[in-house]
Amino acid sequence: MSKTNKLSKKQQALESLFQLYQEMSDQVKRTKTNDNKNKNKNNNKNETQNKSKTQNKNQKNKQTKQEEIRSCIVFKPTLRWEPIYKYSHLDPTLKLHGEIMDFYEAIKPTEQNQRTRDKIVREITKIVKSKWKESTIEIYGSYASGCYLPFSDIDLTVLIPSTVQSCEELVQRLGSILRSKKNQKKFKEVVVIKTAKVPIVKLKDKENEISIDISFNLKNCRKAVELTKLQIQTYPPLLPLLLLIKFFLKQHNLNEPFYGGIGSYSLMLMIVSHLQMHPCVNEFPTIANLGTLLIDFFDLYAKFNYITTGISINNNGYYFNKQIVGVFDFTQPHLPYVQDPLDSKNNTTRSSYGILECREAFASAYKSLAQHASLKPILNINNYNNNKQLEDEYKEEYYPQKRLRKNRNQFNQKF
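Heads up: the sequence shown runs through residues 812 to 1226, numbered per my numbering.
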């Protein structure tokens, strides 16, 4: 019995040791699995952090690239509205609406554009203040109202309260200052235009190739800017349409009143008049279809009778007979008449003698939009470049004075 008891005790001891060994091995396995889990968690955290960092970097790179594309004067075929089949499943006008909004997001002013222009204004302010200490500089035009394109001009006026000199003399003096050796490093192509109704100095910034127009003691500048901002708030479709049509006119070199085109302020009034008369805007002001509005704009002003009819946005907008009101110009009957809301006697399109070219451009744009319902045929961004050589070629092609005189006679004969 003693031997059997001893054997049973040994077996029990061995079994207990085996159980302890198993428990220890299980604990070791558990600790290893926990360590592996913690390592995996840490690795996952590091991976997610690295992914988030890379994503943030990619987003920043994308934003910087987009800002570069927007701020560049030369436009590349990487604009976001350009994919043809992006809105192919939609109705044609809704497809066009989506393309217009994408184009607006790609072309609208950026912070970089604002900084570069503010810097130019500060430099010109220093130059003007060095000569006329009591003067103040006001910004007006599309830059002040926030509806400018990356290649739009900067319009400035210098207000001198007590001066005996005329605007022609002041412009001549400022032109000579800007041509000095100190300022030749910053500015170029300084041209003094004294014969215009509003004498100005035209120049370009060397670094950014941005044009600047400077005048003296110009009135109603602030009021015009406030009016434009008010109309943009009142009519949400105004700003996308304004930027797009300005770009369209720029491509055809029809955006400069000095060369017979339609200026930014006049174009804004024409679009507002169109929106005031359009039933789509009156019924659905916040969700108006930009595609329909753009097509109807080109159709309206391609067929508009500029000889007999004037345009006004006062009193919710109306048309008037130029002869009855007494604003018909017998020397230039073809000129359009867009009444200035701030001055009823002022025709904002008095210099738009190239209205025949504008009508032809509007008519061709209407036909292409009606056929294709896409911006690509009318906005040839791939072929567009805001280079001085190209601008000179365009001016020679579109604005020879003899051809414009012939077109005036042809325009009068049509009506």
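Idealized CB from N, CA, C, for every residue including glycine.
No experiment lies behind these values; they were computed from the predicted model shown.
Secondary structure of V1003 (DSSP, three-state): strand.
A residue is called buried when at least 16 other Cβ atoms come within 10 angstroms of its Cβ; A1176 meets this threshold and is buried. Per the coordinates, the alpha-carbon of P1048 lies some 35 Å from the alpha-carbon of E934. Bridge pairing for T1120: N1132 [DSSP].
Contact between L1153 and Y1164 does not hold, since their C-beta atoms are separated by about 23 Å, which reaches or exceeds 8 Å. Residue environment for V1001: buried (at least 16 other C-beta atoms within 10 angstroms of its C-beta). If you draw a straight line from the Cα of L1104 to the Cα of M1081, it is about 13 Å long. In this model, L1055 and T1006 are separated by some 32 Å (Cα to Cα).
Excluding five sequence positions before and after I1106, the CB atoms of its chain that fall closer than 7 Å to its own CB belong to Y1177, L1180, A1181, given in chain order. Under the three-state reduction of DSSP, Y1112 is assigned to helix. Put simply, of T1045, F1141, D1151 the residue whose alpha carbon is nearest the alpha carbon of S1075 is D1151. In the DSSP annotation of this structure, the continuous segment of the alpha helix (DSSP H) that includes D913 starts and ends at 903 to 918.
The residues D966, L967, T968, L1029, C1032, R1033, A1035, V1036, in chain order, have a CB closer than 8 Å to that of Y951 in the same chain once the five nearest residues on each side in sequence are set aside. A Cβ-Cβ contact shorter than 7 Å links M1079 with L1053.
By the neighbour-count criterion, in which 16 or more other beta carbons inside 10 Å mark a residue as buried, P972 falls on the exposed side. Using a Cβ distance threshold of 7 Å, E980 and P1010 do not count as a contacting pair. In this structure, the CA atom of P903 is about 11 Å from the CA atom of L1101. Separation of the CB atoms of I1021 and R928 is rounded to 7 Å, and the pair is thereby assigned contact status at 8 Å. Shown here, L1180 sits in a helix according to DSSP, grouped into three states. Per the Cβ contact rule, the segment 915 to 922 is in contact with the segment 946 to 963 (3 or more Cβ pairs under 8 Å). Of the residues Y1129, G957, K1008, the one whose Cα lies closest to the Cα of V982 is K1008. Just so you know, the alpha carbons of N1126 and R984 end up roughly 43 Å apart. At a Cβ-Cβ threshold of 7 Å, S1077 and T1160 count as neighbours.
In its chain, beyond the 5 residues on either side, K996, K997, F998, K999 have a beta carbon closer than 8 Å to the beta carbon of K1017.
I1023 sits in a strand when the DSSP states are folded into three classes. A distance below 8 Å between beta-carbons, with the five flanking residues on each side excluded, links Y915 to the following residues of its chain, in chain order: L1050, P1051, L1054, L1055.
Within the DSSP secondary-structure output, D1016 pairs in a beta bridge with F998.
Annotation for Y954: the continuous alpha helix (DSSP H) segment containing it runs 953 to 956.
CA-to-CA, the gap between P1068 and S1162 works out to about 5 Å. The C-beta of I1135 has fewer than 16 other C-beta atoms within 10 Å across all chains shown, which makes the residue exposed. If you look at K1040, you'll find it in the alpha helix (DSSP H) that goes 1032 to 1045. Contact between S946 and L970 holds, since their C-beta atoms are separated by about 6 Å, short of 8 Å. For the pair C1169 and V1149, the Cα-to-Cα distance works out to about 15 Å. Excluding residues up to 5 positions away in sequence, K1133 lie with their Cβ nearer than 7 Å to the Cβ of F1139 in the same chain.
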